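Taking it in order: structure first as structure tokens, then the write-up.
Number of protein chains: 2
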Amino acid sequence: MPWEKSFDEDLALEKAMQVFWSRGFGSASMAELIAKTGVNRGSLYNAFGGKQPLFVRALLKYDRDRRKALLSELEALDDPRRAICNFFDNIIANTLDDADHKGCFLFNTVSESGTHDAQVNEIVANGLREIEGFFRRSIEVGQARGDIRKDIDPSSKATALLALTLAIRVLGRGPYNEAALRTIADEAKNLIA
Amino acid sequence: MPWEKSFDEDLALEKAMQVFWSRGFGSASMAELIAKTGVNRGSLYNAFGGKQPLFVRALLKYDRDRRKALLSELEALDDPRRAICNFFDNIIANTLDDADHKGCFLFNTVSESGTHDAQVNEIVANGLREIEGFFRRSIEVGQARGDIRKDIDPSSKATALLALTLAIRVLGRGPYNEAALRTIADEAKNLIA
DNA sequence: TATTGTTTAGACCGATTGGTCAATACATTG
DNA sequence: CAATGTATTGACCAATCGGTCTAAACAATA
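Sequence order for the protein chains is V and E. If you read the first sequence in the numbering used here, its first letter stands for residue 1, the second for the next number, and so on. If you read the second sequence in the numbering used here, its first letter stands for residue 1001, the second for the next number, and so on.
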């Protein structure tokens, strides 16, 4: 019977994710993916099928390991207002910690809209919907508990919070410094003050 | 003496701008730039020097023809609150009108941060500063005239408005529909309500 | 009309792109 | 130990990348 793989597929996928995350699909070359994963060309094609399927796998991994993990952790706090504040503190910390300024893989992919197929667009759209859903649910629960004013519309505020999240992640990639990012985060928190 | 050019340099630059605007620097190919401008390969290199200088020229043209033109027009209104509202109505209209979903050339270039040189980054950073400055000045003047509440901080609200502008332009490229974009714009207007 | 200096035209270049493939290595099964 | 079937390897592929360069086209000047 067969022969087991000689490399850690999930570890290789993690490395590939980093490459796509920082360069985007178009600017990431197979040469770099091969170098960074340490997996031979043929083996990479054998294991993942090609650049596009590898990108999808990497994006799904990001969505699972980062986005879902963070939202689950925050919802588990069972403290809506604090969950939202922690969310912004968290993405700002991530932004400042990352010397490569990769931003968020999902939002980066939104910026590349048009170059991607329906499957990729759906993964991204779903991720955004779930972040927005997290905001909306948090606001609703906060209102039910009397922690958040009842005269704000959960749905539209959730959309605004998602918008500010995107802005922090995109601006954090380049021109904006820590103070400016924190200003945006503070404005976000003020929306549900 | 010499021989005058046979093609309209500014018209060619306009076409090149459209290509870079929709594809970004990396994904735009010289082949497409040649096809869309209608200018022969050698002539294009002779006139602009290469892909990178052509990109810079295109970005500068966008900054001058679109960003500066819009801000000047709005400041000329001499009605700060209306200027800000018109700004958001304008970018939403632009977003919905553009069947190619190109978004904003400046913000698109922010998303490509890291792949660009200092000159490009400076053009973008300056454009963003000026948009934010437009918001801040508008708020300050509005406050001086009693049109806008005095208890809001012009500087931080200006940053928030810029952030929401970016979000509209990026989300408008792909996953978000008109209603969602208008929700963000309404939240922006509410910030200075 | 001959000379001059620039523009145009597109063939051509080496480098890089994503992708393929036949030979080889290998652990498992019989 | 031989047979089996998958994993690995790196040479190889056509296509495309951005860029160069020489020969021809051309209008202005002399």
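Just so you know, even glycine gets a beta-carbon here, dropped at the ideal spot from N, CA and C. The structure presented is a predicted model; accordingly, all values stated were derived computationally and were not measured.
Check                                                                                                         : Outcome
Reference ARG149(V), options ALA12(V), SER43(V), PHE135(V), LEU191(V), closest by Cα                          : LEU191(V)
is_contact[THR95(V), chain E] using C-beta, thresh 7 Å                                                        : no
Buried or exposed by the 16-neighbour rule on C-beta atoms within 10 Å, applied to ALA1012(E)                 : buried
Sequence ranges, beta strand (DSSP E) only - wholly within the region 1106-1163 of chain E, length at least 3 : none
CA nearest to the CA of PRO1080(E), picked from ALA1035(E), ARG1137(E), ILE1092(E)                            : ARG1137(E)
Contacts of ASP1186(E) in chain V (Cβ-Cβ under 8 Å)                                                           : SER156
Interface residues of chain E facing ALA121(V) [CB-CB closer than 9 Å]                                        : According to the sequence shown, residue 121(V) is Asn rather than Ala. Those within 9 Å of ASN121(V) in chain E are GLY1174, PRO1175.
Any C-beta of chain E under 7 Å from that of THR159(V)                                                        : yes
Cutoff 6 Å; reference THR1095(E); Cβ partners in own chain excluding five residues on either side             : GLY1172
Three-pair Cβ contact test at 8 Å for the region 112-127 of chain V versus the region 18-28 of chain V        : yes
Span separating the alpha-carbon of PHE1048(E) from that of ALA1125(E)                                        : 24 Å
Contact with chain V by LEU1071(E), beta-carbon distance below 7 Å                                            : no
For GLY1042(E), three-class secondary structure by DSSP                                                       : helix
Three-state secondary structure assigned by DSSP to ASP97(V)                                                  : helix
Residues near MET1001(E) in its chain [Cβ-Cβ closer than 7 Å; skip 5 each side]                               : Per-residue confidence for MET1001(E) stands at a pLDDT of 49, beneath the threshold of 50, marking its modelled position as unreliable; the derived number appears in the next sentence. No residues qualify anywhere along the chain.
Chain-ordered neighbours of VAL170(V) on chain E, where CB pairs are closer than 7 Å                          : VAL1110, SER1111, LEU1166, VAL1170
Environment of GLY42(V) [buried if 16+ CB atoms lie within 10 Å]                                              : exposed
Own chain residues within Cβ distance below 6 Å of LEU1054(E), not counting five before or after              : ALA1016, PHE1048
7 Å Cβ cutoff, SER1027(E) in contact with chain V                                                             : yes
Buried or exposed (CB count within 10 angstroms, at least 16 for buried), GLY50(V)                            : exposed
Beta-carbon neighbours of GLY1114(E), restricted to chain V and to distances below 9 Å                        : SER22, ARG23, ASP100, HIS101, LYS102, ARG173, GLY174
Contacts that LEU1128(E) makes with chain V (C-beta to C-beta distance below 7 Å)                             : PRO175
Whole-angstrom C-beta distance between GLU132(V) and ALA158(V), which should lie under 8 Å                    : 5 Å
Spatial distance of LEU71(V) from TYR62(V) (CA atoms)                                                         : 13 Å
Inter-residue spacing [alpha-carbon to alpha-carbon] between ILE168(V) and LYS5(V)                            : 40 Å
Rounded straight-line distance, which links the Cα of GLU73(V) to that of ARG1129(E)                          : 36 Å
Any chain E beta carbon closer than 7 Å to ALA12(V)                                                           : no
Backbone CA spacing between LYS102(V) and GLY127(V) [nearest angstrom]                                        : 18 Å
Listed by chain order, chain V residues near VAL1124(E) by CB distance under 7 Å                              : PRO175
Same chain, Cβ closer than 7 Å to SER1155(E), neighbours up to 5 away in sequence not counted                 : ARG1136
8 Å Cβ cut-off: residues of chain V touching ALA1180(E)                                                       : THR159
DSSP three-state assignment for TYR176(V), whether helix, strand or coil                                      : coil
Closest residue to GLU122(V) among LEU60(V), ILE34(V), ALA35(V), LYS189(V) (Cα-Cα distance)                   : LEU60(V)
Distance, ASP186(V) Cα to ALA144(V) Cα                                                                        : 23 Å
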